[in-house]
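K.L.:
So the sequence shown is residues 133 to 469, counted in the numbering used here.
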Amino acid sequence: MTSFSSNVPFRWGVLALSLICLLMAFMASIAFGLYAIPLKHVWSAFWMFDPQSIDHVIIRTTRLSRAILACLVGSALAVSGVLMQALTRNPLASPSIFGVNAGAVFFIVLFSTFFSVVSLNALLCLAFLGAAIAGGLVYGLGSLGRDGLSPVRIVLSGAAISALFMAFTQGMLVVGQEGLDSVLFWVAGSVSGRSLDMVIPLIPYFSVAILVAILAAPHINILLSGDDVAKGLGQNTVIIKVLLSVLIIGLAGGSVALAGNIGFIGLIVPHMARFVVGRDHKWLIPISALWGAVLLLCADLISRFVIMPEEVPIGVTTAILGVPFFVYLARKGSQRG
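1) Since TRP318 and ASN393 should fall inside the 8 Å C-beta cutoff, what is the C-beta to C-beta distance between them, to a whole number of angstroms?
2) Specify the secondary structure class of PRO402 as computed by DSSP and reduced to three states.
3) Helix, strand or coil, according to DSSP, for LEU296 in the structure here?
4) Can you grab the Cα-Cα spacing for the pair PHE260 / ALA405, in whole Å?
5) Helix, strand or coil for ILE372? Go by DSSP, reduced to three states.
6) Do SER150 and LEU399 have their CB atoms nearer than 8 Å?
7) Please list the terminal residues of the continuous alpha helix (DSSP H) segment that includes ASP412.
8) Just to confirm, is the Cβ distance from GLY454 to ALA391 under 8 Å?
9) So, with DSSP's three-state summary, where would you put TYR167?
10) Write down the C-beta distance between LEU255 and ARG436 rounded to the nearest angstrom, noting that I regard them as a contact closer than 8 Å.
11) Evaluate GLY447 with the Cβ neighbour count: other Cβ atoms within 10 Å of its Cβ, from every protein chain shown; 16 or more gives buried, anything less gives exposed.
12) Is GLU443 buried or exposed, if buried means 16 or more other CB atoms sit within 10 Å of its CB?
13) Please report the distance separating the alpha-carbon of LEU375 from that of MET180.
14) Could you say which of VAL409, CYS430, GLY386 and LEU427 lies nearest to SER212 if we only look at CA atoms?
15) Is the segment 221-241 touching the segment 187-195, taking contact as three or more C-beta pairs under 8 Å?
16) Would you report the Cα separation of ASN233 and GLN367, rounded to the nearest angstrom?
17) Tell whether a beta-carbon distance below 8 Å holds between LEU428 and ILE381.
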């Protein structure tokens, strides 16, 4: 895709507008839902908290943590999608399509169902392990063949590994029906049900991972020129690829541990951002992080109103948005081929 503009002032303008949109989406996420809260009460809940106010209590106990979690997970999934597309040089790459999310979900459901693991730190480690194993299997299967790593083969491998892990997960849900409610959270995807005490300690973790990705942007730009060119410019491609893999597994696995299997954010957002600000990862990564947060906040808002008073799982909402985009990219790629 070609961008509208690649000049620096335009990109700064996009960044500023993205921050404004993020603030608006964040406030809307706190204010709107089954129980609407006036914006003036939202502001006062931050600066003049009144424990006797129902509005303030709802904001502090449920809405605020939900909005923060949507920002963290949306940003992490979008950045992991950018990194995965750069690492594989495949426009269809994303954690959900390449089986990374499914692997993380499988390990979380396995240990929470049969071993009663509930600690967030333990779930994070399990998510990282599942994401790493699934990613390794997809990469290995995609590399089979005389022509090495094939974009088509790696997409097919990702679909197969995703189906395999999700089949195992569904099988465990059938066997362990007594724990069905507790694990459906990770299968369907949700940003609700997490307290501030659980979410806030993870903000530095996600922030550092995204910051490292931004700092690595110049090396990613060089890597996209090809391994031979990158080596000729003195870059250690092995170290860069390992770093990108660790960041992808960390961001995607952490997102699954917090919010379950939320797909297509890592596919949609990088292409949207690349179309607007170009292929320079110094801009692509931060813009994608902001847009991923905005998109997931909006998807969460939509999920609250579709079948009120119940909520649609947020993974369903993002799938409705993402599947047509995936079909468009697949058709475009097949026409080029």
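No residue lacks a Cβ here, since even glycine has one placed at the ideal position from N, Cα and C.
P.N.:
Result, derived from the coordinates:
1) Locating residue 318 in the sequence shown gives position 186, where the first residue counts as 1. Locating residue 393 in the sequence shown gives position 261, where the first residue counts as 1. Confirmed, Cβ separation roughly 6 Å.
2) To locate residue 402, count along the sequence shown from 1; it is residue 270. Residue state, collapsed to three classes: helix.
3) Counting from one through the sequence shown, the residue named residue 296 turns up at place 164. Here LEU296 sits in helix by DSSP.
4) Translated into the one-based positions of the sequence shown, residue 260 becomes position 128. Translated into the one-based positions of the sequence shown, residue 405 becomes position 273. Each residue's alpha carbon lies about 27 Å from the other.
5) The residue you call residue 372 lines up with position 240 of the sequence shown. Of the three classes helix, strand and coil, the one that applies to ILE372 here is helix, per DSSP.
6) The count along the sequence shown starts at 1 and reaches residue 150 at position 18. The count along the sequence shown starts at 1 and reaches residue 399 at position 267. Cβ distance not < 8 Å, so SER150 and LEU399 don't count as in contact.
7) On the sequence shown, position 280 is the one that residue 412 refers to. That residue, ASP412, is in no alpha helix (DSSP H); it is neither H nor E in DSSP.
8) Within the sequence shown, numbered from 1, the residue matching residue 454 stands at position 322. Within the sequence shown, numbered from 1, the residue matching residue 391 stands at position 259. No.
9) For the purposes of this step, residue 167 is identified with residue 35 of the sequence shown, where counting begins at 1. Coil at TYR167, not helix or strand.
10) Taking the first residue of the sequence shown as 1, we reach residue 255 at position 123. Taking the first residue of the sequence shown as 1, we reach residue 436 at position 304. No, LEU255 and ARG436 are not in contact; Cβ-Cβ is about 25 Å, not under 8 Å.
11) Within the sequence shown, numbered from 1, the residue matching residue 447 stands at position 315. GLY447 comes out buried.
12) In the sequence shown, counting from the first residue as 1, residue 443 sits at position 311. Result: buried.
13) Within the sequence shown, the letter at position 243 stands for residue 375. Within the sequence shown, the letter at position 48 stands for residue 180. In a straight line, the C-alpha of LEU375 is about 43 Å away from that of MET180.
14) Along the sequence shown, one-based indexing puts residue 212 at 80. For the residues VAL409, CYS430, GLY386 and LEU427, the minimum Cα distance to SER212 belongs to GLY386.
15) no
16) The count along the sequence shown starts at 1 and reaches residue 233 at position 101. The count along the sequence shown starts at 1 and reaches residue 367 at position 235. Answer to the nearest angstrom: the Cα atoms are 30 Å apart.
17) Counted from its first residue, the sequence shown places residue 428 at position 296. Counted from its first residue, the sequence shown places residue 381 at position 249. In this structure, ILE381 does not lie closer than 8 Å to LEU428 by Cβ.
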